[in-house]
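Asks: Please find one structure pasted underneath; my questions will follow.
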Amino acid sequence: MDSLYPMRRFRQKLTDSECSAILESNTSGVLSLTDGSGVPYGVPMSYCWDGGRLYFHCAKEGRKLDIIRANPLVSFCVTDMDTVVPEKFTTYFRSVIVSGRAVIASTENEASRRAALGLFCGKYSPDIPGKEKEISNSLPRVTIIEVIPEEISGKQAIELVRGNENK
Ligand SMILES: Cc1cc2nc3c(=O)[nH]c(=O)nc-3n(C[C@H](O)[C@H](O)[C@H](O)COP(=O)(O)OP(=O)(O)OC[C@H]3O[C@@H](n4cnc5c(N)ncnc54)[C@H](O)[C@@H]3O)c2cc1C
Numbered sequence: 374m375d376s377l378y379p380m381r382r383f384r385q386k387l388t389d390s391e392c393s394a395i396l397e398s399n400t401s402g403v404l405s406l407t408d409g410s411g412v413p414y415g416v417p418m419s420y421c422w423d424g425g426r427l428y429f430h431c432a433k434e435g436r437k438l439d440i441i442r443a444n445p446l447v448s449f450c451v452t453d454m455d456t457v458v459p460e461k462f463t464t465y466f467r468s469v470i471v472s473g474r475a476v477i478a479s480t481e482n483e484a485s486r487r488a489a490l491g492l493f494c495g496k497y498s499p500d501i502p503g504k505e506k507e508i509s510n511s512l513p514r515v516t517i518i519e520v521i522p523e524e525i526s527g528k529q530a531i532e533l534v535r536g537n538e539n540k
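Numbering (my numbering) for the sequence shown: 374 to 540.
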């Protein structure tokens with residue numbers, strides 16, 4: 374999908390599969406929202422990425438849900454690398470931003486909410502028994518937010534690009 378703002382430093386752009394791998398392997402990011410009056414709100418969240426969509430789980434009420442109901446357009450940023458290099462006065466970074474539309478899963482769609490919670494259990498508690506029981510217990514008190522990406526971009530520090538070129 375074409376972006377309104379293509380990356381100026383295009384050599385630093387990550388490929389789609391690199392972006393996907395970063396979303397797959399990290400455990401949190403910042404979900405950015407803007408309410409109906411234009412007031413911004415960035416909130417750190419755990420998440421799951423199934424290769425095509427982002428999933429979040431949260432309580433049944435709160436500021437982020439109120440904002441999403443008013444304005445479903447969101448941005449989610451995951452930092453994959455943040456290595457400060459003092460002697461070079463810089464930071465070697467790698468990050469991904471997903472922009473898209475948030476959908477609050479209907480409570481009637483139990484199967485898809487259950488599936489989303491299954492993703493969280495698989496990612497965050499892979500070797501822990503009792504996942505199905507945990508999912509059944511938490512289902513009544515959990516809201517699932519799904520984000521359908523409209524744009525995904527990834528960027529890394531120029532030093533990492535040069536390092537790869539020299540390999
Ligand atoms: C690494 C990490 C992972 C997390 N994962 C999840 C998750 O998977 N699901 C989940 O629901 N929550 C998660 N949280 C907590 C999350 O950041 C929010 O606190 C929570 O989701 C409530 O959001 P809300 O907008 O409903 O808060 P509300 O209680 O409605 O917020 C009220 C006010 O509290 C303040 N506030 C809320 N959260 C934070 C915060 N994290 N830091 C500073 N101020 C805050 C803000 O000023 C906000 O306006 C995570 C936090 C961290 C740091």
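Quick reminder that beta carbons are idealized off the backbone N, C-alpha and C, glycines included.
Exposed or buried, which one is Ser479 when buried takes at least 16 other CB atoms within 10 Å?
Replies: exposed
Asks: Please check the pair Ser472 and Glu519, which I expect to be a contact at CB under 8 Å, by giving their CB distance rounded to whole angstroms.
Replies: Rounded, the Cβ-Cβ distance is 14 Å, inconsistent with contact.
Asks: Report the three-state DSSP secondary structure of Leu512 (helix, strand or coil).
Replies: helix
Asks: Could you name the residues of the same chain whose beta carbon sits closer than 6 Å to that of Ala475, not counting the 5 residues immediately before and after it, in chain order?
Replies: Ile441, Pro445, Val447, Ile518 and Val520
Asks: Go to Gly491, then tell me how far its alpha helix (DSSP H) extends in each direction, as first and last residue.
Replies: Glu483 to Tyr497
Asks: With a Cβ-Cβ cutoff of 7 Å, do Val416 and Leu404 count as a contact?
Replies: yes
Asks: According to DSSP, is Ile531 helix, strand or coil?
Replies: helix
Asks: One question on the structure: do Cys392 and Lys496 come within less than 7 Å of each other, judged by their Cβ atoms?
Replies: Not in contact: Cys392 and Lys496 (Cβ atoms no closer than 7 Å).
Asks: Could you pull the DSSP bridge partners for Met541 from this structure?
Replies: An answer regarding residue 541 cannot be provided, because it is not within the stretch 374 to 540 covered by the chain.
Asks: Suppose the cutoff is 6 Å on Cβ atoms and the five residues either side in sequence are ignored; what does the same chain contact list for Ser376 look like?
Replies: Glu524
Asks: Buried or exposed for Ala489, please, with buried defined as at least 16 other CB atoms from any protein chain shown within 10 angstroms of its CB.
Replies: The residue is buried, with at least 16 neighbouring Cβ atoms inside 10 Å.
Asks: Anyone know if the C-beta pair for Val457 and Val469 falls short of 7 Å?
Replies: no
Asks: Against chain D, with Cβ distances strictly below 7 Å, would Met380 count as a contact?
Replies: Among the chains in the structure shown there is no chain D, since it carries only a single protein chain.
Asks: State buried or exposed for Asp500, treating a residue as buried only when at least 16 other CB atoms are found within 10 Å of its CB.
Replies: With fewer than 16 Cβ atoms within 10 Å of its Cβ, Asp500 is classed as exposed.
Asks: Considering only the alpha carbon of each residue, which of Cys431, Lys386, Val412 and Lys504 lies closest to Arg467?
Replies: Lys386
Asks: Provide the residue span of the beta strand (DSSP E) that contains Leu427, from first to last.
Replies: Counting along the chain, the beta strand (DSSP E) containing Leu427 begins and ends at Leu427 to Cys431.
Asks: Going by C-alpha distance, which of Gly536, Pro413, Phe462 and His430 is nearest Ala443?
Replies: Pro413
Asks: How is Glu523 classed by DSSP in three states: helix, strand or coil?
Replies: In the structure shown, Glu523 sits in a strand (DSSP, three-state: E or B).
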